[in-house]
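A short worksheet on the structure shown next.
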Amino acid sequence: MSLEGDGDADGFMSTDFLSLDTAAISNPPVNIGLPHRVTSSGLRLRTGPSIDSAITNTIPNGSQIFVLATEGLWSQVSLDEDGHPDGFMYSKYLSLNAAIPAPIPDNAGFIVKVTSDKVAKMFPNTRRANIDDNLPFVLAGLQKCGLTDRVMILMALATIRAETEGFVPISEGKSKFNTSVTPFDKYDKGTPIGIILGNTHAGDGPLFKGRGYVQLTGRFNYNQIGTQIGVDLVGNPGPDFANDPKVAGRILAQFLKNKENKIREAIAKNDFKLARKLVNGGSHGFTRFKDAYDRGLSVLA
10 MSLEGDGDAD
20 GFMSTDFLSL
30 DTAAISNPPV
40 NIGLPHRVTS
50 SGLRLRTGPS
60 IDSAITNTIP
70 NGSQIFVLAT
80 EGLWSQVSLD
90 EDGHPDGFMY
100 SKYLSLNAAI
110 PAPIPDNAGF
120 IVKVTSDKVA
130 KMFPNTRRAN
140 IDDNLPFVLA
150 GLQKCGLTDR
160 VMILMALATI
170 RAETEGFVPI
180 SEGKSKFNTS
190 VTPFDKYDKG
200 TPIGIILGNT
210 HAGDGPLFKG
220 RGYVQLTGRF
230 NYNQIGTQIG
240 VDLVGNPGPD
250 FANDPKVAGR
260 ILAQFLKNKE
270 NKIREAIAKN
280 DFKLARKLVN
290 GGSHGFTRFK
300 DAYDRGLSVL
310 A
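Residue numbers (our numbering): 10 to 310.
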């Protein structure tokens, strides 16, 4: 049999346990712009998206690569994070890699002082394991956007406390604020809230409900933030990808970056209600937000 669909023999398997994988053929499981792992024992890197293209390398099982684009059954990939295309691989043998981000370097500013021990003191009702697992993604997102100073770090953490106190990316639940008859119908096309959210298609209400650490909501925000971080949150991989921890960390940071100047101005004037409103559009979760920020002033000195 061949592992690559190129007709070259790679070894033998019992046909008793093989079946046609039509899903992989019609929709290879890759996500553009994100790291993946090679899942076959030696996957060929080719100059083009076909079995007739020259082989330039064979990449070992478990190697990390970055998918830049797809063409049919093939993925254009970079072997490192520089964004430079190195060739094409057969998409079926690539799987999404949600590895913890690389450690933040010592010259990254105040952000290196932020540890799980300290953040746990800002989240007294949250499982410590959730903080341990998710804090690296949050800090990586902030670093990517250059939000590494005390004010914006506290703003991000306090926002998580207000939006998703469990310190994990979650989907918005049904409530009287978003649902009248069917789930999230108050967000749908043509409704007062739906218009504000930029929901322009039938079904946009539930499709673009709140997700992530910051509860990104609405077609406009999914499209804008997705474009800015290089992930198609409207099409493929779609809205649910906002709950992937690495993507959720980028979303939170980019959302704050877009409003950075106004947030800084509000906090400089001690107007924390305005700072919260700039993110939430209202005062939901303000008590938790302010409590977390105040605790952070003590523990993140």
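Ideal Cβ positions, reconstructed from N, Cα and C, are used throughout, including at glycine.
Fair warning: this is a prediction, and the values are worked out from it, not measured in the lab.
Would residue i be called buried (16 or more neighbouring beta carbons within 10 Å of its own) or exposed?
{"i": "P69", "result": "exposed"}
{"i": "N279", "result": "exposed"}
{"i": "T191", "result": "exposed"}
{"i": "F298", "result": "buried"}
{"i": "P248", "result": "buried"}
{"i": "D17", "result": "With a pLDDT of only 49 at D17, under 50, the local geometry of the prediction cannot be trusted, and no value is derived from it."}
{"i": "K185", "result": "exposed"}
{"i": "T173", "result": "buried"}
{"i": "D61", "result": "exposed"}
{"i": "T168", "result": "buried"}
{"i": "N245", "result": "exposed"}
{"i": "A63", "result": "exposed"}
{"i": "A149", "result": "buried"}
{"i": "P178", "result": "buried"}
{"i": "T31", "result": "Note that T31 scores a pLDDT of 38, beneath 50, so its modelled location is shaky; the value from the coordinates is reported in the next line. T31 comes out exposed."}
{"i": "D89", "result": "exposed"}
{"i": "K255", "result": "buried"}
{"i": "N36", "result": "Residue confidence for N36 is low, a pLDDT of 46 falling below 50, so the modelled location carries little weight; the figure read from the coordinates is stated next. The residue in question, N36, is exposed, as its Cβ has fewer than 16 Cβ neighbours within 10 Å."}
{"i": "P277", "result": "What sits at residue 277 in the sequence shown is Ala, not Pro. Counting Cβ neighbours within 10 Å, A277 comes out exposed, since fewer than 16 surround it."}
{"i": "R285", "result": "buried"}
{"i": "G290", "result": "exposed"}
{"i": "P58", "result": "buried"}
{"i": "N208", "result": "buried"}
{"i": "T236", "result": "exposed"}
{"i": "E181", "result": "buried"}
Does the distance from the CB of residue i to the CB of residue j come in under 8 Å?
{"i": "I204", "j": "K195", "result": "no"}
{"i": "R55", "j": "T65", "result": "yes"}
{"i": "L311", "j": "T157", "result": "No answer is possible for residue 311: the residues shown for the chain start at 10 and end at 310."}
{"i": "F97", "j": "S84", "result": "yes"}
{"i": "Y99", "j": "L82", "result": "yes"}
{"i": "R53", "j": "Q73", "result": "no"}
{"i": "G227", "j": "F146", "result": "no"}
{"i": "L206", "j": "F176", "result": "no"}
{"i": "F264", "j": "K282", "result": "no"}
{"i": "A275", "j": "K153", "result": "no"}
{"i": "L43", "j": "L105", "result": "yes"}
{"i": "N232", "j": "V243", "result": "yes"}
Quick one: what's got a C-beta closer than 7 Å to residue i's C-beta in the same chain, skipping five residues either side?
{"i": "I260", "result": "G221, V223, L225, I234, I238, A251"}
{"i": "M131", "result": "L166, R170, A301, R304, G305, V308"}
{"i": "L144", "result": "S125, V128"}
{"i": "P215", "result": "P192, F193"}
{"i": "T188", "result": "D194, K195"}
{"i": "T135", "result": "E174, G175, F176"}
{"i": "V123", "result": "L148, I162, L309"}
{"i": "D95", "result": "L54, V86, S87, L88"}
{"i": "I272", "result": "M164, L265, A284, L287"}
Examine the ligand SAH and report whether any of its heavy atoms sits within less than 7 Å of the Cβ of residue i.
{"i": "Q263", "result": "Only the bare structure without any ligand can be found here, which leaves the ligand SAH out of the picture."}
Excluding five sequence neighbours on each side, which residues of the same chain lie with their C-beta closer than 6 Å to the C-beta of residue i?
{"i": "H293", "result": "none"}
{"i": "K183", "result": "P192"}
{"i": "M161", "result": "none"}
{"i": "V288", "result": "T168"}
{"i": "K218", "result": "E181, F193"}
Ordered along the chain, which non-local residues of its own chain (more than five positions away) have a Cβ less than 8 Å from that of residue i?
{"i": "G155", "result": "K266"}
{"i": "A211", "result": "D197, K198"}
{"i": "R137", "result": "S125, A129"}
{"i": "D141", "result": "S125"}
{"i": "H93", "result": "S87"}
{"i": "E269", "result": "L156, M161"}
Problem - Entirely enclosed alpha helix (DSSP H) segments - the segment 255–284, minimum 4 residues - result: Entirely contained in the segment 255–284, the alpha helix (DSSP H) runs reaching 4 residues are, in chain order, 269–277.
Exercise for the section: Would you list, in sequence order, the uninterrupted beta strand (DSSP E) runs of no fewer than 3 residues that lie entirely inside the segment 40–65? Expected result: Uninterrupted beta strand (DSSP E) stretches at least 3 residues long and entirely within the segment 40–65 occur at 44–47, 52–55, given in chain order.
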